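In the numbering used here, the protein residues as written are 6 to 358. Heads up, the beta-carbon is just placed ideally off N, CA and C, and yes, glycines get one too. Since this is a predicted model, take the numbers as computed values, not measurements.
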Amino acid sequence: MMQAVFDGHNDVLFRLWTNAAKGADPVAEFIEGTRQGHIDMPRARKGGLAGGLCAIYITSGDIGDDARDGNGHYAIPLSAPLERAPSLDIALDMASIAFRIERAGGWKICRNGADIDAAEAEGKFAAVLHMEGCEPIDADLRALEVFYAAGLRSLGPVWSRNTIFGHGVPFAFPSSPDTGPGLTEAGKRLVRECNRIGIAIDLAHITEKGFWDVAKLSDKPLIVSHSNAHSLTPISRNLTDKQLAAVRESNGLVGLNFAVTMLREDGAKSADTPLSDMVRHIDYMVEHVGIDGVALGSDFDGATIPAEIGDAAGLQKLVAALRNAGYGDADLAKICRDNWLRVLRSAWHEAAA
């Protein structure tokens with residue numbers, strides 16, 4: 006029996022936008038399918054991917070060289086901050102692609118839990134708009150109101166660069182996530198406003214100080230959409246045991262990132278990474294957060310993932326690996342879908358966590 010998956014993070018809109026700039030039709034690419042990347046409608050259906058958080062992500066271009074020393078270690082400097090006006094233009098372009106796909110019947114943009122349930126019942130991909138790094142948002146948060154009205158229901162104050170709202174972690178291995186300051190005063194206003202109007206706050210790329218700033222301010226479950234266990238893979242993007250404990254205490258969630266650099270003990274960027282590494286991180290996070298607080302956050306279309314998964318069509322291979330590791334149907338339903346629906350409904354003022 007196929008297990009339905011609601012995934013906490015993908016960059017399919019970025020891939021479609023990138024290809025559209027080269028003359029491709031993003032609507033046809035998603036609906037008809039492609040050999041590029043990880044997600045389109047045919048591959049989602051084949052792998053049981055029922056929906057997920059689709060990121061509006063503004064590229065930094067070349068993010069730097071991950072050249073490693075003899076021990077496999079590396080440290081990529083933070084990308085430079087981006088200007089707001091061109092970032093806003095790109096965000097609007099990506100949102101437009103999302104709306105065009107919806108009009109063509111390729112997916113349903115979901116603004117609440119009932120929308121997700123309805124999309125799944127209709128056999129449509131349940132797309133939730135997420136903003137990864139808030140460069141398109143002004144300090145006075147006027148643009149936030151507009152994006153919310155357009156369907157934005159999740160955001161990360163930073164990607165791995167600094168914004169007016171806070172500081173991001175660099176890509177570095179080995180490295181603590183404690184790499185710099187946390188939220189700015191504008192970032193604190195952003196967190197409070199997201200709590201008020203019902204936008205989920207994602208802590209996947211923020212510094213450890215920023216994580217704790219949000220934990221102090223937010224009255225909602227802590228969400229880390231696509232990160233793994235730092236104790237197993239000590240990259241700056243993964244969560245320490247103390248952070249995992251805070252996620253658990255808040256009734257929050259951490260989503261397994263499929264990026265091989267965040268799964269492997271050696272941090273290597275090799276697609277020849279066994280599914281056992283994914284299961285190892287799931288086991289560890291379940292131990293530290295609980296079965297109700299662990300989910301999937303693949304980073305499809307944004308990372309090198311294990312070759313055995315390949316793309317969205319291969320998701321059931323991970324489900325099978327988890328089943329073979331002892332996870333029953335009820336636990337798999339939580340990890341693959343239900344935990345995401347629980348925390349999103351809480352962030353959206355629909356139900357208690």
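Residues near residue i by beta carbon distance below 6 Å, same chain, minus five either side
i           : result
residue 253 : 294, 295, 298
residue 230 : 13, 14, 207, 209, 260, 302
residue 93  : 141
residue 135 : 58, 60, 159
residue 354 : 203
residue 233 : 243, 262, 267, 286
residue 188 : 171, 215, 218
residue 310 : 263
residue 199 : 206
residue 356 : 350
Own chain partners of residue i with C-beta closer than 8 Å, once the 5 adjacent residues on each side are dropped
i           : result
residue 269 : 238, 275, 278, 282
residue 56  : 11, 12, 112, 115, 121, 124, 125, 130, 131, 132, 133
residue 236 : 245, 246, 289
residue 107 : 113, 114, 132
residue 220 : 227, 251, 255
residue 346 : 11, 118, 121
7 Å CB neighbourhood of residue i in its chain, flanking five on each side removed
i           : result
residue 79  : 71, 72, 73, 177, 178
residue 38  : 45, 46, 47, 48
residue 109 : 32, 36
residue 40  : none
residue 184 : 174, 175, 212, 241
residue 344 : 258, 297, 298, 299, 300
residue 153 : 202, 204
Proximity of residue i and residue j at Cβ, strictly below 8 Å
i           : j           : result
residue 320 : residue 128 : no
residue 111 : residue 130 : yes
residue 21  : residue 35  : yes
residue 337 : residue 324 : yes
residue 312 : residue 340 : no
residue 86  : residue 175 : no
residue 30  : residue 89  : no
residue 273 : residue 77  : yes
residue 191 : residue 169 : yes
residue 182 : residue 241 : yes
residue 84  : residue 197 : no
residue 9   : residue 342 : yes
residue 248 : residue 213 : yes
Beta-carbon separation (whole angstroms), residue i vs residue j, contact threshold 8 Å
i           : j           : result
residue 390 : residue 16  : Because the chain is modelled from 6 through 358, residue 390 falls outside the range shown and cannot be assessed.
residue 159 : residue 95  : Contact doesn't hold; Cβ gap of about 18 Å is too wide.
residue 150 : residue 62  : That belief does not hold up - the Cβ atoms of residue 150 and residue 62 are roughly 21 Å apart, past 8 Å.
residue 257 : residue 227 : 4 Å
residue 317 : residue 43  : 6 Å
residue 250 : residue 280 : No, residue 250 and residue 280 are not in contact; Cβ-Cβ is about 27 Å, not under 8 Å.
residue 225 : residue 351 : 6 Å
residue 97  : residue 146 : No, residue 97 and residue 146 are not in contact; Cβ-Cβ is about 17 Å, not under 8 Å.
residue 104 : residue 306 : The Cβ separation is near 19 Å, so there is no contact.
Bridge partners - residue i, DSSP secondary structure assignment
i           : result
residue 28  : Note: residue 28 sits in no beta bridge, so no partner.
residue 56  : 11, 131
residue 17  : None, per the DSSP bridge assignment.
residue 137 : 62, 161
residue 81  : 176
residue 261 : 301
residue 244 : 234
Closer than 8 Å to chain D by CB, residue i
i           : result
residue 307 : Within the model displayed, chain D is absent; a lone protein chain is all it includes.
Heavy atom of the ligand NAD within 7 Å of residue i beta-carbon
i           : result
residue 291 : In the structure shown, the ligand NAD is absent, as is every other ligand, since no ligand is present at all.
Entirely enclosed alpha helix (DSSP H) segments - the segment 165-236, minimum 4 residues
190-202, 213-222
Pick out the complete alpha helix (DSSP H) segments inside the segment 87-123, 4 residues or longer, and give them in chain order.
For the segment 87-123, whole alpha helix (DSSP H) runs of length 4 or above, ordered along the chain, are 89-108.
Kindly provide the ranges of any alpha helix (DSSP H) runs that are 4 or more residues long and lie completely inside the segment 277-321, ordered along the chain.
280-294
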